[in-house]
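A short write-up of the structure that comes next.
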Amino acid sequence: MKNVVILGGHGSGMIAASVIDRCKLANLIGFLNDVDEVGSSIGLNKKIPVIGKTNDVKRLVAEDENLYVITGWGGFKKAKETIDKIESLGVPLNRYFNAFDHTAQIPYDYCKFGKGNLIAPLVQFSPNVSVGNYCSFFGNCFVGHDTEIGDFCHIATNAAVGARIKVGKGVHIGINSCIREDITIGDYSIIGMGAVVVKDVPPNTIVVGNPAQEIHY
Numbered sequence: 437m438k439n440v441v442i443l444g445g446h447g448s449g450m451i452a453a454s455v456i457d458r459c460k461l462a463n464l465i466g467f468l469n470d471v472d473e474v475g476s477s478i479g480l481n482k483k484i485p486v487i488g489k490t491n492d493v494k495r496l497v498a499e500d501e502n503l504y505v506i507t508g509w510g511g512f513k514k515a516k517e518t519i520d521k522i523e524s525l526g527v528p529l530n531r532y533f534n535a536f537d538h539t540a541q542i543p544y545d546y547c548k549f550g551k552g553n554l555i556a557p558l559v560q561f562s563p564n565v566s567v568g569n570y571c572s573f574f575g576n577c578f579v580g581h582d583t584e585i586g587d588f589c590h591i592a593t594n595a596a597v598g599a600r601i602k603v604g605k606g607v608h609i610g611i612n613s614c615i616r617e618d619i620t621i622g623d624y625s626i627i628g629m630g631a632v633v634v635k636d637v638p639p640n641t642i643v644v645g646n647p648a649q650e651i652h653y
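Quick note, in our numbering, the sequence shown goes up one by one and the last residue is 653.
Quick look at the structure:
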């Protein structure tokens, strides 16, 4: 059984913790973050300890060959800075852990996943989906067939990503949003809550509404 530390804490970090615990995938050691005091704990019910700061991760991985890492960061408003931070930590990619909930519907032999991905309960993937590294898929979202998703993307609860979609790096797809098939979403873009996307979204763009319209670049 692998030991796992989570980069983060509240929110996405606690979701990652619950997935790991529910599926008995690994031994959860605790959180690393730069906000909460080392020695404190996070969680209203089950308490998960904060065992160090973010920059401690490289040392901890070097000291324990059975220690793996997963990111529990939101950070979609500053996605590029977050990706740069992950890359600066110096943790080998093969030491990032995939936490997949046992209720997720995944045709594993038909899909490809990178490292450090979080898949929450009831997520559904279709065949021929390709996912990068450090992505998060939250409860009951759907990813259609022949879709490519870049690094550090966040697909929120109940979002529906259609078939043959190309999602760039650092993209956030909001709660209850819907993306029509054959769409390209540019790097670091944000799809607003409930948006219905019927045309390509340029990089670094926020779109909202039905049909989705650009409100900020």
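Backbone N, C-alpha and C fix where the C-beta goes; we use that ideal spot for every residue, glycine too.
Using alpha carbons as the reference points, say which of Gly630, Val634, Ser572, Ile626 lies closest to Gly598. Nearest C-alpha to Gly598 among Gly630, Val634, Ser572, Ile626: Val634.
Beta strand (DSSP E) segment containing Ala462, residue limits: Start and end: 462-468.
Between the Cα of Leu468 and those of Val643, Met437, Gly449, Ser454, spot the shortest distance and give me the residue it belongs to. Nearest C-alpha to Leu468: Gly449.
Would Leu443 and Ala535 qualify as a contact pair, given that the criterion is a beta-carbon distance under 8 Å? Contact flag unset, no.
Whole angstroms is fine: what's the gap from Met629's alpha carbon to Asn463's? C-alpha separation (whole angstroms): 34 Å.
Taking the straight line between their C-alpha atoms, what separation do you get for Ile609 and Val637? Between the alpha carbons of Ile609 and Val637 lies a gap of roughly 12 Å.
Please work out which residues of its chain come closer than 6 Å, Cβ to Cβ, to Lys489, disregarding the five sequence neighbours upstream and downstream, and give them in chain order. Answer for Lys489: Asp470, listed in chain order.
Leaving out five residues before and five after Ala540 in sequence, what residues of the same chain have Cβ atoms less than 6 Å from its Cβ? Counting only Cβ-Cβ distances below 6 Å, and skipping sequence neighbours, we find Ile555, Val559.
At which residues does the alpha helix (DSSP H) containing Leu496 begin and terminate? That run of the alpha helix (DSSP H) goes 493-499.
Three-way DSSP call (helix, strand, coil) for Glu650 in this model: In this structure, Glu650 counts as strand in the three-state DSSP scheme.
Given 8 Å as the limit, is there contact between the stretch 474-481 and the stretch 511-520, that is, 3 or more CB pairs closer than that? No, they do not touch.
Kindly list the residues whose CB is nearer than 6 Å to the CB of Val486, restricted to its own chain and excluding five residues on each side of it in sequence; keep chain order. Here the set comprises Phe467, Asp472, Val474, Ser476.
Nearest residue (CA-CA) to Asn612, options Asn640, Asp618, Ile621, Phe574: For Asn612, the nearest C-alpha among the options comes from Phe574.
Counting only the same chain and skipping the five closest in sequence on each side, list residues whose C-beta sits under 7 Å from that of Asp582. Asn564, Ala599, Arg600, listed in sequence order.
Boundaries (first-last residue) of the beta strand (DSSP E) holding Ile484: Note, Ile484: beta strand (DSSP E), 484-488.
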